[in-house]
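Single-structure report; data block below.
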């Protein structure tokens with residue numbers, strides 16, 4: 003019997019400081035057993051439990067794309083016991099990964115559709131995975147127009163900056179970068195909060211356009227009315243939730259919103275689904 | 002389905018004999034209260050027990066269970082890699098479990114053993130266990146099991162149902178697993194025939210069936226409290242969630258968690274690492290929705306910050322979410338432990354009826 007609690011052993015292959023305040027680091031992991039990489043086959047939007055013996059486990063969205071091989075990548079904010087410990091770990095250290103867990107953005111349903119991706123702060127990780135995946139040449143033609151609104155507090159707090167700048171230059175994706183504020187006189191992108199920028203740049207709502215939102219609660223709270231105003235139907239607004247988790251497989255009982263378990267029935271829900279559940283997240 | 006009659010005079014010897022092929026678990030008195038635990042050699046299950054303080058769910062879902070062991074010493078082979086903890090899943094029998102406590106295992110099984118994931122600790126422990134259940138002839142005043150699709154004589158989740166009848170146990174043999182234990186105890190002939198060839202075993206006639214039916218009807222008639230949850234099913238989750246009565250219901254609640262720990266169907270758990278020196282274990286521990294730590298995010302945000310929201314969660318889970326998700330009744334077998342043990346006299350029967358009928 004497969005044991006869903008047993009992590010795959012991995013080695014930390016690379017660590018990069020991801021933001022100017024050093025509160026986020028990006029980790030690349032390599033599976034000790036190459037076959038585990040195949041067992042870990044995932045889709046953009048899923049998460050995993052990073053498992054550090056003696057410290058515990060944390061649920062983190064997968065930042066690498068299924069089209070990237072040979073490693074899996076996670077960007078982790080230093081906040082609690084396990085993440086603080088992880089931030090002190092070194093390349094070469096051994097730990098574990100459990101997953102992939104949860105559902106993913108509905109890629110089958112999104113085929114042939116326009117996608118508006120809205121991200122804020124360090125919730126951009128699974129969105130990075132998604133962008134990387136849809137821009138992969140065999141995939142790009144499957145989708146319509148792609149717009150991305152991504153905001154951070156300052157330019158230095160933007161994740162994956164080099165990639166953002168590359169994507170910015172492409173003509174098969176519209177990247178709208180914004181920061182809350184900046185002193186940089188040469189800043190050539192947007193300034194302002196994500197909801198405001200979304201209102202300005204979002205493609206018009208229609209049956210063939212879906213919005214994917216992932217960000218801090220405050221951003222979601224103020225972006226939703228904007229999408230309502232733009233006419234996005236609630237079954238066309240796709241959101242990814244977070245809640246405290248332990249098992250990640252729908253058994254330990256703590257991450258529920260009503261009868262749905264964020265870890266297993268989610269983390270991805272449409273706003274239409276969320277309208278029917280208690281907002282206990 | 003066959004029934005055999007076991008003379009109480011040969012009961013203890015049979016139980017002892019079954020140890021040759023089974024580990025035994027049963028109710029034993031520990032200071033004031035009964036609990037289910039593995040029986041030491043020569044130790045007998047107390048068949049006169051009334052109820053156990055904690056439910057027997059711990060047989061397959063222990064309060065604390067080691068899943069993995071690890072070694073943090075970098076010189077050790079396979080350091081920082083979780084290794085399976087040693088487990089004993091050899092056959093075992095739980096003797097004297099109440100029929101509805103056995104039924105609770107079917108409810109837990111929905112959570113721990115589904116088409117997507119199987120918790121191997123639960124599945125293996127459940128599978129290796131034979132349920133030799135004891136019908137409850139005299140249900141207590143807290144018992145409302147007959148409202149919960151089970152009852153004091155429910156034979157649907159057991160391998161053998163024993164009925165205490167004067168100087169004998171009448172044993173309803175529900176499964177081959179049950180028959181195997183009776184064989185091992187010597188309550189049948191060697192070949193598993195149940196034709197009365199062994200001393201103390203007699204052919205069961207129709208009258209035995211009638212006796213059991215009569216005892217069952219007597220027992221069920223002693224249960225006076227009833228609950229209804231049919232209307233809970235029809236209402237929307239948000240209607241009940243947003244009902245005005247929750248703060249009143251939770252007013253007395255201390256969020257102590259007694260109900261969750263004593264409950265045979267509460268399945269929530271935590272995962273924790275415990276390191277001693279360079280070696281450690283990863284454990285699955287019972288958890289409780291009554292504690293703020295259950296849901297608090299690393300940022301400090303807590304989706305169920307208020308104590309009354311946590312009380313609401315427990316009843317919504319048992320009586321509404323579970324019904325909606327599985328369409329198999331409620332997540333409660335009516336054992337009455339939470340009613341009896343709640344220090345604030347909160348009574349799930351009243352709350353269920355309020356959710357069913359109230360605004």
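Chains as they are written, first to last, in my numbering: chain A, 3 to 283; chain B, 2 to 360.
Beta carbons: idealized from backbone N, C-alpha and C, even for Gly.
Being a predicted model, the structure only gives us computed values, none of them experimental.
Compute the Euclidean distance between the alpha carbons of residue i and residue j, then round it to the nearest angstrom.
| i | j | result |
| --- | --- | --- |
| residue 267 of chain B | residue 155 of chain A | 43 Å |
| residue 25 of chain B | residue 267 of chain A | 39 Å |
| residue 180 of chain B | residue 160 of chain B | 8 Å |
| residue 327 of chain B | residue 26 of chain A | 41 Å |
| residue 198 of chain B | residue 291 of chain B | Residue confidence is low: residue 198 of chain B scores 33 on pLDDT, short of 50, so the model does not pin down where it sits. Its coordinate-derived value is still stated next. Near 55 Å, if we compare the C-alpha coordinates of residue 291 of chain B and residue 198 of chain B. |
| residue 190 of chain A | residue 70 of chain A | 30 Å |
| residue 264 of chain A | residue 250 of chain A | 9 Å |
| residue 62 of chain B | residue 8 of chain A | 18 Å |
| residue 55 of chain B | residue 79 of chain A | 41 Å |
| residue 125 of chain B | residue 60 of chain B | 11 Å |
| residue 12 of chain B | residue 169 of chain B | 9 Å |
| residue 275 of chain A | residue 237 of chain A | 8 Å |
| residue 176 of chain B | residue 318 of chain B | 32 Å |
| residue 29 of chain B | residue 39 of chain B | 9 Å |
| residue 32 of chain B | residue 338 of chain B | 18 Å |
| residue 92 of chain B | residue 270 of chain A | 42 Å |
| residue 80 of chain B | residue 11 of chain A | 10 Å |
| residue 31 of chain A | residue 274 of chain B | 22 Å |
| residue 205 of chain A | residue 177 of chain A | 12 Å |
| residue 196 of chain A | residue 295 of chain B | 32 Å |
| residue 272 of chain B | residue 283 of chain B | 7 Å |
| residue 28 of chain A | residue 130 of chain A | 12 Å |
| residue 94 of chain B | residue 182 of chain B | 8 Å |
| residue 115 of chain A | residue 167 of chain A | 24 Å |
| residue 215 of chain B | residue 347 of chain B | 34 Å |
According to the neighbour-count rule (16 or more other Cβ atoms, all chains shown, within 10 Å of its Cβ), is residue i buried or exposed?
| i | result |
| --- | --- |
| residue 93 of chain A | exposed |
| residue 46 of chain A | buried |
| residue 185 of chain B | buried |
| residue 41 of chain A | exposed |
| residue 211 of chain A | buried |
| residue 245 of chain A | buried |
| residue 143 of chain B | buried |
| residue 282 of chain A | buried |
| residue 64 of chain B | exposed |
| residue 306 of chain B | exposed |
| residue 227 of chain A | exposed |
| residue 205 of chain B | Residue placement at residue 205 of chain B is poorly supported in this model, since its pLDDT is 48, which falls under 50; the coordinates still yield a value, given next. Buried, since its Cβ has 16 or more Cβ neighbours within 10 Å. |
| residue 112 of chain B | buried |
| residue 4 of chain A | exposed |
| residue 335 of chain B | buried |
| residue 2 of chain B | exposed |
| residue 84 of chain B | exposed |
| residue 19 of chain B | buried |
| residue 213 of chain A | buried |
| residue 188 of chain A | exposed |
According to DSSP, which residues form a beta bridge with residue i?
| i | result |
| --- | --- |
| residue 3 of chain B | B:174 |
| residue 154 of chain A | A:181 |
| residue 298 of chain B | Residue 298 of chain B is not bridged to any residue. |
| residue 11 of chain A | A:98 |
| residue 167 of chain B | Residue 167 of chain B is not bridged to any residue. |
| residue 284 of chain B | B:67, B:273 |
| residue 192 of chain A | A:180 |
| residue 209 of chain B | DSSP output for residue 209 of chain B lists no bridge partner at all. |
| residue 183 of chain B | Answer by DSSP bridge pairing: none, since residue 183 of chain B is not bridged. |
| residue 27 of chain A | A:19, A:78 |
| residue 84 of chain B | B:70 |
Residue i and residue j look like a contact to me (Cβ under 8 Å); what is the Cβ gap, rounded to whole Å?
| i | j | result |
| --- | --- | --- |
| residue 355 of chain B | residue 246 of chain B | 6 Å |
| residue 247 of chain A | residue 222 of chain A | So it is not a contact: roughly 19 Å between Cβ atoms. |
| residue 200 of chain A | residue 181 of chain A | Not a contact, Cβ separation roughly 15 Å. |
| residue 118 of chain A | residue 51 of chain A | Not a contact, Cβ separation roughly 30 Å. |
| residue 281 of chain B | residue 56 of chain A | 5 Å |
| residue 5 of chain B | residue 189 of chain B | 7 Å |
Exercise. Counting Cβ pairs closer than 8 Å, one from the segment 212-220 of chain A and one from the segment 108-124 of chain A, do we hit at least three?
Worked result: Of all C-beta pairs linking the segment 212-220 of chain A to the segment 108-124 of chain A, three or more are shorter than 8 Å, placing the two stretches in contact.
Exercise. Given 8 Å as the limit, is there contact between the segment 103-115 of chain B and the segment 294-314 of chain B, that is, 3 or more CB pairs closer than that?
Worked result: The count of Cβ pairs closer than 8 Å, one atom from the segment 103-115 of chain B and one from the segment 294-314 of chain B, stays below three, leaving the stretches out of contact.
For this session: State whether the segment 130-139 of chain B contacts the segment 247-256 of chain A, with contact taken as three or more CB pairs (one from each stretch) at a distance under 8 Å.
Result: The segment 130-139 of chain B vs the segment 247-256 of chain A: no contact.
For this session: Spell out a yes or no on whether the segment 76-94 of chain B and the segment 298-308 of chain B are touching, meaning 3 or more CB-CB pairs, one atom from each, closer than 8 Å.
Result: Judged by pairs of C-beta atoms under 8 Å, the segment 76-94 of chain B does not touch the segment 298-308 of chain B, as fewer than three such pairs exist.
For this session: Pair every Cβ in the segment 14-23 of chain A with every Cβ in the segment 150-169 of chain A, then say whether three or more of these pairs are closer than 8 Å.
Result: Result yes; three or more Cβ-Cβ pairs closer than 8 Å.
Exercise. Does the pairing of the segment 65-82 of chain A with the segment 132-146 of chain A give three or more beta-carbon distances under 8 Å?
Worked result: They touch, by the three-pair rule.
For this session: Determine, using beta-carbon pairs with one atom in the segment 113-129 of chain B and one in the segment 85-101 of chain A, whether at least three such pairs fall under 8 Å.
Result: The segment 113-129 of chain B makes no contact with the segment 85-101 of chain A; the number of CB pairs closer than 8 Å stays below 3.
Exercise. Using 8 Å as the Cβ pair cut-off and three pairs as the minimum, do the segment 237-246 of chain B and the segment 269-279 of chain A touch?
Worked result: Between the segment 237-246 of chain B and the segment 269-279 of chain A, the count of Cβ pairs shorter than 8 Å is three or higher; the stretches touch.
Exercise. Counting Cβ pairs closer than 8 Å, one from the segment 254-264 of chain B and one from the segment 339-352 of chain B, do we hit at least three?
Worked result: The segment 254-264 of chain B makes contact with the segment 339-352 of chain B; the number of CB pairs closer than 8 Å reaches 3 or more.
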